[in-house]
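A.B. asks: Numbering (mature numbering (1 follows the signal peptide of the UniProt record, and there is no 0)), first residue to last: -20 to -1, 1 to 393.
Before anything else, here's the structure in question.
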């Protein structure tokens, strides 16, 4: 219809133009040649022809196409787009009920999963608590066993003295029976020290590097001995103090040890294992922040791979119990866990905690302490990847100093 209207307007315009030409010719050239003749006619089935015959017998033809091809193409495209949109709307209308039903089903499943997750979380917490209790009982049993063996040995010694004989073989056999035997009161003259307490009891009272020869590591190795803290005799196995040593290392490095004994270092899991399987050990952790604040954590029982036939295969699991101190406990939750490095994942997280938190530790899922993390020098924006002891400074403060050291549990304690 629009094209018809445009055709009519075009015809009227042509007639008007022609009339104006006739009028001008008639006005300016009176008495001259006859005026032009205007005629219309059909040029084709779908077009109209307007012809103007001038006074000089020349003709001007105007062809008007009512189909308006440009507009027709535009209308066709619009109609096609409208049809596509309508088809899409019809499809969405058909799918909407199914989508709403599926959304409702997913919401129901999500609620069920949340309830199940809560139940599993409660069960896991209960298991962790029970595990901690069992570990503490085992540690206490080891202590009682060591005390019993020592008492039996003393009785046998007394009997042998009464008979005027030397110490029998029976006591040595009793002392070898448990995994962690009783601790003798000191080194015999000429015997080799098994740890820093033996070094102290042999008369050495200065901090420094000494050679020790654990029972299950006869080749021996060097350690740094702290002879001042709480009576001395502490064997240091970890120290952070200036960030000079890279602690983001793999399994082999943490098994064998690295760093300088007088500075930042990790003694090595196989050496810590050799030390702590000789007898019952305690752990002391010294901490310092960048404002010169200090704190400590003490654990009355500590060991690495205590109940392992193959400690490396088992991942050198941690045993720790009986906390006291000023820093708060940030280690008991790691008890029972295997050691994890960036290239050997033994934690309970979907991710590798060592890789994620840039350290190596007895991670669970993931940690409350991370003393082998990055040396970030105080407050930091990243989360829990520094030298962290969360119960004292939280998860976004990297400590200035940490030192972990062990000593046999003394009989007078």
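Just so you know, even glycine gets a beta-carbon here, dropped at the ideal spot from N, CA and C.
(1) Going by Cα to Cα distance, which pick from 364, 173 and 239 is closest to residue 199?
(2) In the DSSP assignment, find the unbroken beta strand (DSSP E) run with residue 214 in it and report its ends.
(3) Residue 188: which of 194, 263 and 204 sits nearest, CA to CA?
(4) Evaluate residue 340 with the Cβ neighbour count: other Cβ atoms within 10 Å of its Cβ, from every protein chain shown; 16 or more gives buried, anything less gives exposed.
(5) Between the alpha carbons of residue 369 and residue 90, how many angstroms are there, rounded?
(6) For residue 376 and residue 365, what's the separation of their Cα atoms in angstroms?
(7) Please report the Cβ distance between residue 254 and residue 197, rounded to the nearest whole angstrom; I am assuming they are in contact, meaning their Cβ atoms lie under 8 angstroms.
(8) Within its chain, find whatever has a CB closer than 6 angstroms to the CB of residue 288; leave out the 5 residues flanking it on each side and keep chain order.
(9) Residue 350: buried (16+ other C-beta within 10 angstroms of its C-beta) or exposed?
(10) Tell me whether the segment 224 to 238 and the segment 264 to 280 touch, counting them as touching only if at least three CB pairs, one residue from each stretch, are closer than 8 angstroms.
(11) For the alpha helix (DSSP H) containing residue 176, name the first residue and the last one.
(12) When burial is assigned at 16 or more other CB atoms within 10 Å of the CB, is residue 363 buried or exposed?
(13) Is the beta carbon of residue 338 less than 8 angstroms from the beta carbon of residue 326?
(14) Mind checking which residues open and close the beta strand (DSSP E) that includes residue 325?
(15) Run through DSSP, which three-state label would residue 318 get?
(16) Taking the straight line between their C-alpha atoms, what separation do you get for residue 395 and residue 249?
(17) Give the straight-line distance between the Cα atoms of residue 386 and residue 264, rounded to the nearest whole angstrom.
(18) Grouping DSSP H, G and I as helix and E and B as strand, with all else coil, what is residue 75?
(19) Rounded to the nearest angstrom, what separates residue 158 and residue 277 at their Cα positions?
(20) On the CB-based measure, 16 or more other CB atoms within 10 Å of its CB, does residue 344 come out buried or exposed?
(21) Going by CA-CA distance only, name the one from 251, 284, 285 and 307 that's closest to residue 274.
(22) Do the CB positions of residue 329 and residue 301 come within less than 8 angstroms of each other?
(23) Which whole-angstrom value describes the C-beta separation of residue 213 and residue 241, a residue pair presumed to lie in contact below a C-beta threshold of 8 angstroms?
(24) Which one or two residues does DSSP pair with residue 209 in a beta bridge?
(25) Pick helix, strand or coil for residue 348, following the three-state DSSP scheme.
(26) What are the start and end residues of the alpha helix (DSSP H) that includes residue 385?
(27) What residue does the beta strand (DSSP E) around residue 468 start on, and which one ends it?
(28) Taking only runs that begin and end inside the segment 271 to 320, name each unbroken beta strand (DSSP E) of 3 or more residues, in chain order.
(29) Does the separation of the CB atoms of residue 322 and residue 228 fall below 8 angstroms?
(30) Can you say whether residue 186 is buried or exposed, counting buried as having 16 or more other CB atoms within 10 angstroms of its CB?
(31) Measuring straight from C-alpha to C-alpha, what distance separates residue 257 and residue 382?
(32) Just to check my reading of the structure: residue 356 and residue 378 have Cβ atoms closer than 8 angstroms, yes? What is that Cβ distance to the nearest angstrom?
(33) For residue 81 and residue 88, I'd like the C-alpha separation in whole angstroms.
(34) According to DSSP, simplified to helix, strand and coil, what is residue 264?
(35) Mapping the DSSP letters down to three states, classify residue 238 as helix, strand or coil.
(36) How many angstroms separate the CA atom of residue 360 from the CA atom of residue 336?
C.D. replies: This is what the structure holds:
(1) Taking residue 199 as reference, the option from 364, 173 and 239 with the minimal CA-CA separation is 173.
(2) 214 to 220 is the extent of the beta strand (DSSP E) around residue 214.
(3) Nearest of 194, 263 and 204 to residue 188, Cα basis: 204.
(4) buried
(5) Residue 369 and residue 90: Cα-Cα distance of roughly 35 angstroms.
(6) 8 angstroms
(7) 4 angstroms
(8) Counting only Cβ-Cβ distances below 6 angstroms, and skipping sequence neighbours, we find 294.
(9) buried
(10) Flag = no, the segment 224 to 238 and the segment 264 to 280 do not touch.
(11) 176 to 181 is the span of the alpha helix (DSSP H), which, as asked, contains residue 176.
(12) exposed
(13) A distance of 8 angstroms or more separates the beta carbons of residue 338 and residue 326.
(14) Neither: residue 325 is in no beta strand (DSSP E) and is coded neither H nor E.
(15) coil
(16) Outside the shown range of the chain (-20 to 393) lies residue 395, about which nothing can therefore be said.
(17) 6 angstroms
(18) helix
(19) Any reading at residue 158 must be qualified, since the residue scores a pLDDT of 38, below 50, and its modelled position is unreliable; no value is offered.
(20) Classification of residue 344: buried, given that the 10 Å Cβ count is 16 or more.
(21) 307
(22) no
(23) At roughly 17 angstroms, the Cβ-Cβ gap does not stay under 8 angstroms, so residue 213 and residue 241 are not in contact.
(24) Residue 209 is not bridged to any residue.
(25) Correct three-state label for residue 348: coil.
(26) No alpha helix (DSSP H) contains residue 385, which is instead part of the beta strand (DSSP E) from 381 to 388.
(27) Here the chain comprises residues numbered -20 to 393, so residue 468 is not present and cannot be evaluated.
(28) 274 to 284 and 298 to 305
(29) yes
(30) Burial call: exposed.
(31) 24 angstroms
(32) 4 angstroms
(33) Computed Cα separation, rounded: 11 angstroms.
(34) strand
(35) strand
(36) The alpha-carbon separation between residue 360 and residue 336 amounts to approximately 16 angstroms.
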